[in-house]
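Novice: For what it's worth, this note's numbering labels the leading residue of the sequence shown as 29, then goes sequentially. Beta carbons are placed, not taken as given, at the ideal position from N, Cα and C, and that holds for glycine. Handing you this structure, nothing more for now.
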Amino acid sequence: MSAHLGLTTSEGQSVTMVSVQYFLDTLLPPLHPTMDIHKTVNKLKRMGTKSRRPITKHNRWWGFNSDPIDRTKVTKKTSFKRLADVVRDIVRAGTMHGQELSLRFHNNEQPVFGYGRDKDTLPDAYLVLTSVPETRSPWEKISVSGEYNVEKWYEKENIYKVSESMCNIMRKDPRRRFTFGFTIEDTEMKLWYCDRSQTVASQPFNFITVGIYCDSDVGYHPDIIPRTMKL
């Protein structure tokens, strides 16, 4: 790994940038041994009707027939709305019989763009762990933070947003040993990892995500049990 000196978090910490393969092999939880990425991709190309294949004949995700930056009639709020459909289709294609979905994807219906966010502002998108009780705070339920921007030159703003979101998760939940995130600028995506000593980002890439993990895979300490405070 080597530090990418041009990237720093909202708190001034240097971000270590690594290759995509290193991130996948070292930081992401492993895929279930019975899962086959190639079979899942082929299934995504065949699922649905001819006009609604998750992966179209042009090898693009359905709903993204054009790049976000080229959509002249949409706003930042709706540019990545179809990502929810992409995640849903991937989960449908990759879910194994008898396995319950442990993560659910949500787009923030009221995202705050620019630097007008505060400590209570939720990410532009997020994956929540389904096993966390509804009584917990939003930050305790979020496992993966996602931040969007249409323009590629807003990379620094996305870094600020995702680092703030990941830090909020770590601050508000002592069970969290680490957390994940992702950023998208137009078509470029990076994966992010944050623990209590470092922040790591992958080089930009396109990837297939999976929605079946256990609690410890996405950063929760298995031996710390939260107490419910009665007010």
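The alpha helix (DSSP H) with His66 in it runs from where to where?
Specialist: Where His66 is concerned, the enclosing alpha helix (DSSP H) stretches over 65-74.
Novice: So, using beta-carbon positions, are Ser165 and Phe208 closer together than 8 angstroms?
Specialist: no
Novice: In whole angstroms, what is the alpha-carbon distance linking Lys114 and Leu219?
Specialist: Looking at the sequence provided, one finds Val at residue 114 rather than Lys. Per the coordinates, the alpha-carbon of Val114 lies some 17 angstroms from the alpha-carbon of Leu219.
Novice: Within this structure, are the beta carbons of Val272 and Lys147 separated by less than 8 angstroms?
Specialist: This structure does not reach residue 272, given that the chain is present from 29 up to 259, and the question cannot be answered.
Novice: Quick check: the Cα distance between Tyr221 and Ser130, rounded to an integer number of angstroms?
Specialist: 19 angstroms
Novice: Hey, how far is the Cα of Thr37 from the Cα of Gly91?
Specialist: 31 angstroms
Novice: Taking the straight line between their C-alpha atoms, what separation do you get for Asp223 and Lys78?
Specialist: 43 angstroms
Novice: For Leu219, list the residues DSSP reports as bridge partners.
Specialist: Phe210
Novice: Let me know if Asn186 comes out buried or exposed under the rule of 16 or more other beta-carbons within 10 Å of its beta-carbon.
Specialist: Around the CB of Asn186, 16 or more other CB atoms lie within 10 Å, so the residue is classed as buried.
Novice: Work out the CA separation of Ser230 and Met217 for me, nearest whole Å.
Specialist: 9 angstroms
Novice: Sort Ser225, Asp214, Thr227, Gln226 by Cα distance to Phe233 and report the nearest one.
Specialist: Of the listed residues, the one whose Cα sits closest to Phe233 is Asp214.
Novice: Classify Leu52 as helix, strand or coil using the three-state DSSP reduction.
Specialist: The DSSP-derived three-state label of Leu52 is helix.
Novice: Across which residues does DSSP place Tyr19 in a beta bridge pair?
Specialist: Residue 19 lies beyond the residue range present for the chain, which begins at 29 and ends at 259; the question has no answer from this structure.
Novice: Is the distance from the Cβ of Glu183 to the Cβ of Arg145 below 8 angstroms?
Specialist: no
Novice: Using DSSP with H/G/I as helix, E/B as strand and the rest coil, what is Trp89?
Specialist: strand
Novice: Flag Trp89 as yes when its Cβ comes closer than 7 angstroms to any non-hydrogen atom of the ligand COA, and as no otherwise.
Specialist: The model depicted lacks the ligand COA and carries no ligand whatsoever.
Novice: Which residues share a DSSP beta bridge with Phe133?
Specialist: Leu155
Novice: Using three-state DSSP, classify Val140 as helix, strand or coil.
Specialist: coil
Novice: With DSSP collapsed to three states, give me the class of Ser47.
Specialist: coil
Novice: Please state whether DSSP places Ser42 in a helix, a strand or coil.
Specialist: strand
Novice: Name the one or two DSSP bridge partners that Ile83 has.
Specialist: Bridge partners of Ile83: Trp89.
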